[in-house]
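Colleague:
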Amino acid sequence: MQSTISELTLRGSLFLSFLLATIASPLSFAEDKNRLQQSCTYNEKAMMELSPREFGQNFENGWRVVAKNNDCLEVAANLIRTYYTTNEVSAGAKRTFVWHEGQLRAEIGQYRQAIQLMEQAEKPVQRDISGWNHYVAATIAFLQSDMEKLRIHREKLAAVPKPENFNPKDADGNPIEIDWPLNLNIVDKFISCFGQTYAEVYSGCTQEKQP
């Protein structure tokens, strides 16, 4: 009898715990959502008044401040879209904003939207001296899990000649070393990390896979 009572007591305790967890779960989710919304807040009016350079390149202002929190990447992507659809920006600036929005959406697994955006980020062929379009195409191929296309654009990017006037300098005017072609190291990472997510590639891709 003692054993039976103990079993009934244990079952009752487990059921009560389950019931309390079930009842509390919606409240917990709501609290988590509220905390997330608060952590991702920003002054939209002030954001929209920033210059394209301040909004896009300053790590203390603009969308990058919001994106510092990995839980806010979608909010940051939506902010970028709001900025370039609200303000008049140059074609080049819009191309950059569209690309960054695409990258953020790729990071959170929104591949279809990311691909649509990245397709709009290509440069006019006559102005593409760095192989940017091959980098874009390689990125899209990675998101589409198309290794053949990825390798084709990797080779095309690797074959881009270095311009004679390519002499990058830092803010103080000192020469700096930058590997050429630009972004080839990222494309190589897409290949070595093929089969993993876009976010994993950029976070280090510790477990590399070779198809």
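Sequence positions in the sequence shown follow our numbering and run 89 to 299. Note that the Cβ used here is the ideal one computed from N, Cα and C, for glycine as well.
How long is the line joining the alpha carbons of I266 and K257, rounded to whole angstroms?
Modeller: Here the question's residue 266 lines up with position 178 in the sequence shown. Here the question's residue 257 lines up with position 169 in the sequence shown. Near 10 Å, if we compare the C-alpha coordinates of K257 and I266.
Colleague: What is the DSSP secondary structure of C128, counted as helix, strand or coil?
Modeller: Taking the sequence shown and counting its residues from 1, the one referred to as residue 128 is at position 40. DSSP places C128 in coil when its eight states are reduced to three.
Colleague: What are the uninterrupted segments assigned as alpha helix (DSSP H) that are 4 or more residues long and contained completely in the stretch 210–239, given in chain order?
Modeller: As far as the stretch 210–239 is concerned, its whole alpha helix (DSSP H) runs of at least 4 residues are 220–231.
Colleague: Here's a check: name, in chain order, each residue in its chain whose Cβ is nearer than 8 Å to the Cβ of K366, leaving out the five neighbours to either side.
Modeller: This structure cannot speak to residue 366, because the chain is shown only from 89 to 299.
Colleague: Reducing DSSP to helix, strand and coil, say where P263 ends up.
Modeller: As a position in the sequence shown, residue 263 is number 175, starting the count at 1. Note: P263 maps to strand in three-state DSSP.
Colleague: Is DSSP giving C160 helix, strand or coil here?
Modeller: Taking the sequence shown and counting its residues from 1, one reaches residue 160 at position 72. Helix at C160.
Colleague: Check the DSSP bridge columns for K257 and list the partner residues they point to.
Modeller: Looking up residue 257 in the sequence shown gives position 169. Note: K257 sits in a beta bridge opposite P263.
Colleague: Specify the secondary structure class of N273 as computed by DSSP and reduced to three states.
Modeller: In the sequence shown, counting from the first residue as 1, residue 273 sits at position 185. In this structure, N273 counts as helix in the three-state DSSP scheme.
Colleague: Shortest alpha-carbon distance to R242 belongs to which of P251, A259, V224?
Modeller: Here the question's residue 242 lines up with position 154 in the sequence shown. Checked all of P251, A259, V224; the closest Cα to R242 is V224.
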